[in-house]
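K.L.:
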Amino acid sequence: MGYKTLITIADITNTEEKMAIEQILKNYHNENGNIISILQDIQDHYNFLPSYVLNLISRELKIPLSKIYSVATFYTQFSFNEKGKHIITVCDGTACHVKGGPLLRDYISTQLGIHPGETTEDKLFSLEEVSCLGCCAIAPVMIIDDKIHGSLTVRKVNKILNTVKKSEAAEEGSQ
Amino acid sequence: MTIKRRKLLICRSTGCNSLDAAAVHDELVKQLKERKLVDVEIKKTGCRGFCEAGPSILVQPDDVLYVHIKPKDVTEIVEKHLMNNEVVPHLVYMDPQTEGFVPKMDEIQFFHKQKKITLEHCGLIDPENIDEYIDLGGYEQFEKCVKESKNYEVIYDIKSSRLRGRGGAGFPTGLKWELCAKEVGDVKYVVCNGDEGDPGAFMDRTLLESDPHSVIEGMCIGAYAIGATQGFIYLRAEYKLAIRRFDIAIKQARMKGFLGKNIFGTGFNFDIQLKKGAGAFVCGEETALMASIEGKRGNPRPRPPFPAQSGLWGKPTNINNVKTWATIPHIFSMGAKEYSNIGTDDASGTVILALTGKINNSGLVEIPMGTTIRDVVFDIGGGIPNGKKFKAIQIGGPSGGCIPANYLDTLMDYKTLTELGAIMGSGGVIVLDEDTCMVDLAHYFITFTQRESCGKCAPCRVGTLKMLDILTKFKKGKAVMEDIDRLKHLAEIVKKTSLCGLGQTAPNPVLTTIRYFRHEYEAHVNGKCSALVCKDLIQYEVIPTKCIGCGLCAKNCPVNAITGEPKQAHLINPQECIRCGLCIVQCPSQAIRKINATQQGGM
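Going down the list, the protein sequences come from chains A and B. Numbering-wise, our numbering comes out as the position in the first sequence, counting from 1, plus 77. Numbering-wise, our numbering comes out as the position in the second sequence, counting from 1, plus 449.
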């Protein structure tokens, strides 16, 4: 890839993307304690951290790329791989663990044909596992697209997955 | 017909929201509007702690709590309770022991033995409206401290309340403040540690979602006592609702002049900035947390120097947990002396526990220090569901330990729990029944700490991995008897030599399970998992007399390990079976069971 990855703002043609990056550059300076917030904003927009964006931010804000990567690789929130349209986060906290969370994770895993940390080939679903969502009283728990579902059973999970799949199929049909 | 003036308090915290409280809320608003019931006010509140019963509505002033409410139940509540002053019996809490309905919230066993101080406002006020907090005397204590007390007087009060840090280690809060106040520096910081990473703990999230202003007021008082001008709150990024509500609270406090420059016209300046974590458990450790706020990798460092001497950007810094900060205003409003009278000699006041796992009433409870485990599990918690036998509690998360049934009458405070090998920690209590395998639980926690180890020091980085290797051998039935002592020895070394709190406490789940449940480790050496959890040691079988031959199990088996003719008893091939347990869930006649792999099939 070499220098080809050195994209500048002028190279970005998508207006939405351009605005998002300009907003980040406007909001932050190379100040103490900003790297994590910058990375969070990038990930909010893209769902992951594209290398050309990190590169661009590094040059614009004069933060060494090594410093950016040292932070980005430490925290589990950050991902370098593109994620699916729907992100499923299964909780494996202690309460969820003793109440059958692993069974649900395995079920979703077989249904979607992916392991935690992976994304389906059609880029529709990503499966993730998290240590605790802090909703232990309604364990077992999972999140789909930022909505928390509690007191889960295999049947409930099935219903939720089918609803998402159906809405996707309907969307595709209408196009 | 006259309609009584009433308030309906609907919980809109994460727990109830996930059980679709929003739909119930919308339906309520709609019905009140349709029926023009203008004297009834709907209030969106935080969590009352009884998450098991969500979504819930508290009707005031009657103090009647409706539980497990679905949108279709709303009509009945409106027509009977609001319009005819009749309680709807089948929608209130039913006591599982007496099978009687308990309409009044205070009379429900779950609430009866609690003593709410820190959680006093939770579930009663709208967390997004600062005026409701002010109406209950909010920010009065802060004003009094700043206007009427010298900073050392504030510290003296906290010292005499005997408050100990609620984050886990239990360091005396007053002493911590004093150490930081004595340091000389042009800039000082206070930090609120809201990086609640312990699996099984959600009290910080609840407090921030339900009563954010008590945390802010606590931080303001602390900042005044120490002489800090800037505060930070470090919050887990996963806690989206808590982040949103705290952000609103900061803005409202600024508008009212409780944060900012020249507060109450006294010349005291203080403001708070919110920092989001990025998913690293180690950042709950104070030196790692400070590194993360500074925007670096969250690696811990050795102490001394302590944060009071050299904290954020090298300046004197005081870090307390969310619960500690939230307790401060309550101590001043009830009086330090009175607060110190609650609890035991070892610890004053109350402790908040997150009660979860195999328990009837899961949720958030606040009890005086020194309450017995029995009271918590069997009175407040309502015992174990499905007639199962109580086995142990696990307290303190991955840093804590297991306490078995024969210590049920232990009084809970920092000292006694530490003596038993566990810790109070953040206060997450997971109740375990006979279906929990203690080896699997130890394996679960070490998997967690191994993954979260930052890798800086070798004892934690390598030690947790080696412990995990040995535990995996047990789970697979490949361990030998010597491995038990080998594991114990290794755990003790990791405990003694690790750099930070994560490594120093990571072996606790292993050490306590060996101490109290050694026989389960021995059984695993002999190829038996008595709780039937460890996949390599069990198999699934169909009970032929119960099987109705419906074929649901075979249809749902992901690896086609189940065969059988329609209406005939089916058979599971143990070589093909991956022990996922789906067939048990699908079976309509409970004809599938787990057995030890060494055992022969049959009835």
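All residues carry an ideal CB built from backbone N, CA and C; glycine is no exception. Given the structure is predicted, the values throughout are model-derived calculations rather than measurements.
Measuring straight from C-alpha to C-alpha, what distance separates B/Asn1045 and B/Val974?
P.N.:
13 Å
K.L.:
From A/Val207 to A/Asp169, what does the alpha carbon distance come to, in whole angstroms?
P.N.:
6 Å
K.L.:
B/Ile872 and B/Ser848: beta carbons closer than 9 Å?
P.N.:
B/Ile872 places its beta carbon less than 9 Å from that of B/Ser848.
K.L.:
For the pair the segment 142 to 150 of chain A and the segment 124 to 134 of chain A, tell me if three or more CB-CB distances fall below 8 Å.
P.N.:
yes
K.L.:
In chain order, what residues of the segment 147 to 175 of chain A put their CB closer than 7 Å to some CB of chain B?
P.N.:
Ser147, Val148, Phe151, Tyr152, Thr153, Gln154, Phe155, Gly170, Thr171, Ala172, His174 and Val175
K.L.:
Check the Cβ-Cβ distances between B/Pro993 and every residue of chain A, and say whether any is below 9 Å.
P.N.:
no
K.L.:
Taking C-beta pairs closer than 7 Å, name the residues in chain A that B/Arg693 reaches, listed in chain order.
P.N.:
Contact note: B/Arg693 does not reach chain A at a C-beta cutoff of 7 Å; the least C-beta distance is about 12 Å.
K.L.:
Hey, would you say B/Ala554 sits closer than 9 Å to B/Val513, going by beta carbons?
P.N.:
Strictly speaking, residue 554 of chain B in this sequence is Met, with Ala absent from that position. Yes, they are a contact pair.
K.L.:
State the start and end residues of the unbroken beta strand (DSSP E) segment that holds A/Ser203.
P.N.:
Phe202 to Val207
K.L.:
Report back the beta-carbon spacing between B/Thr962 and B/Leu1031 to the nearest angstrom; my notes put them in contact at under 8 Å.
P.N.:
In fact, because the Cβ distance is near 29 Å, the residues do not count as touching under 8 Å.
K.L.:
At which residues does the alpha helix (DSSP H) containing B/Gly667 begin and terminate?
P.N.:
Pro661 to Ile675
K.L.:
Of all the CB atoms in chain A, is at least one closer than 9 Å to the CB of B/Cys851?
P.N.:
Residue contact check for B/Cys851 against chain A: no CB pair falls below 9 Å.
K.L.:
From the DSSP output, read off the bridge partner residues of B/Met543.
P.N.:
B/Phe550
K.L.:
Can you pull the chain A neighbours of B/Ser811, defined as C-beta to C-beta under 9 Å?
P.N.:
Ala172, Cys213, Ala214, Ile215 and Ala216
K.L.:
Pick out whichever of B/Glu1014, B/Val1008 and B/Cys1026 has its Cα sitting closest to the Cα of B/Lys984.
P.N.:
Closest by C-alpha distance to B/Lys984, out of B/Glu1014, B/Val1008 and B/Cys1026, is B/Cys1026.
K.L.:
Considering Cα atoms alone, identify which of B/Gly733, B/Thr494, B/Gly806 and B/Pro753 is closest to B/Thr655.
P.N.:
B/Thr494
K.L.:
Just to check my reading of the structure: B/Ile491 and B/Leu457 have Cβ atoms closer than 8 Å, yes? What is that Cβ distance to the nearest angstrom?
P.N.:
5 Å
K.L.:
When DSSP labels each residue in this structure, what does B/Asp653 get in the three-state scheme?
P.N.:
In the three-state reduction of the DSSP assignment, B/Asp653 falls in the helix class, which pools H, G and I.
K.L.:
For a contact meaning CB atoms closer than 8 Å, what does B/Thr805 contact in chain A?
P.N.:
Thr171, Ala172, Cys213, Ala214 and Ala216
K.L.:
Should A/Arg232 be flagged as near chain B, meaning a C-beta pair shorter than 9 Å?
P.N.:
yes
K.L.:
Pick helix, strand or coil for A/Leu238, following the three-state DSSP scheme.
P.N.:
helix
K.L.:
Around the Cβ of A/Asp199, are there at least 16 other Cβ atoms within 10 angstroms (buried) or fewer (exposed)?
P.N.:
exposed
K.L.:
Could you round the C-beta distance between B/Ile777 and B/Gly623 to whole angstroms and report it? I think they count as a contact, below 8 Å.
P.N.:
With a Cβ gap of about 11 Å, B/Ile777 and B/Gly623 do not count as contacting.
K.L.:
Does the beta carbon of B/Ala841 come closer than 9 Å to any beta carbon on chain A?
P.N.:
no
K.L.:
According to DSSP, which residues form a beta bridge with B/Ala841?
P.N.:
Its beta-bridge partners are B/Pro853 and B/Leu881.
K.L.:
I'd like to check one pair, B/Glu658 with B/Leu708: are the Cβ atoms closer than 9 Å?
P.N.:
no
K.L.:
May I have the straight-line CA-CA distance separating B/Gly671 from B/Gln509, to the nearest angstrom?
P.N.:
35 Å
K.L.:
With a threshold of 8 Å, are at least 3 pairs of Cβ atoms found where one atom belongs to the segment 726 to 746 of chain B and the other to the segment 601 to 613 of chain B?
P.N.:
no
K.L.:
Quick one: complete beta strand (DSSP E) runs, 3+ long, within the segment 941 to 1005 of chain B?
P.N.:
987 to 991
K.L.:
Of all Cβ atoms in chain A, is any one closer than 9 Å to the Cβ of B/Glu632?
P.N.:
Using beta-carbon distances, B/Glu632 does not count as an interface residue toward chain A, since no partner is under 9 Å.
K.L.:
Rounded to the nearest angstrom, what separates B/Gln1039 and B/Cys1006 at their Cα positions?
P.N.:
16 Å
K.L.:
For B/Thr859 versus B/Lys564, is the C-beta distance shorter than 9 Å?
P.N.:
no
K.L.:
So what does DSSP say about B/Gly1050, is it helix, strand or coil?
P.N.:
With a pLDDT of only 41 at B/Gly1050, under the threshold of 50, the placement of this residue in the model should not be trusted; the figure read from the coordinates follows. In the structure shown, B/Gly1050 sits in coil (DSSP, three-state: anything other than H, G, I, E or B).
K.L.:
Is the CB of B/Ile768 under 9 Å away from at least one CB in chain A?
P.N.:
no
K.L.:
Mind listing the chain A neighbours of B/Lys1004? Cutoff is C-beta to C-beta under 9 Å, in chain order.
P.N.:
Going along chain A, no residue has its Cβ under 9 Å from B/Lys1004, so there is no contact; the nearest lies around 13 Å.
K.L.:
Where does B/Gly464 sit, in a helix, a strand or coil, going by DSSP?
P.N.:
helix
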